[in-house]
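Residue numbers (UniProt numbering): 1 to 97. For glycine and all other residues, C-beta sits at the position ideal for the given N, C-alpha and C. Computed from a predicted model, the values in this text were never measured in an experiment.
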């Protein structure tokens, strides 16, 4: 199993919309379940405690190959293009569980 984590900081002009953005992205990412082979679980959360990042994506994949296929899946790329318009910083990590 593979865990894929992504942390985003919203652009300053988007900070007031964090609840709306989180709800929209949560819905979009949840729709990938059953669409992307090997995607076992996915959740998007808001950082409620301050800090460097506003949103975090937590994905679980069955294999490294499934995680790699997710990266180029058209449905993921469509969401990624939306995210890029909203964020100014990103960090990610992948590890085996």
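> Going straight from the alpha carbon of residue 60 to that of residue 71, what length do you get?
Replying inline: 13 Å
>> Only counting the same chain, and skipping five residues up and downstream in sequence, which positions put a Cβ closer than 6 Å to that of residue 90?
In response: 8
>> Using CA atoms only, rank isn't needed, just tell me which of 77, 24, 39 is closest to residue 1.
In response: 39
> Got a sec, what are the start and stop residues for the beta strand (DSSP E) residue 84 sits in?
Replying inline: Where residue 84 is concerned, there is no enclosing beta strand (DSSP E), although the alpha helix (DSSP H) it sits in stretches over 74-86.
> Who pairs with residue 5 in a beta bridge, going by DSSP?
Replying inline: 58, 93
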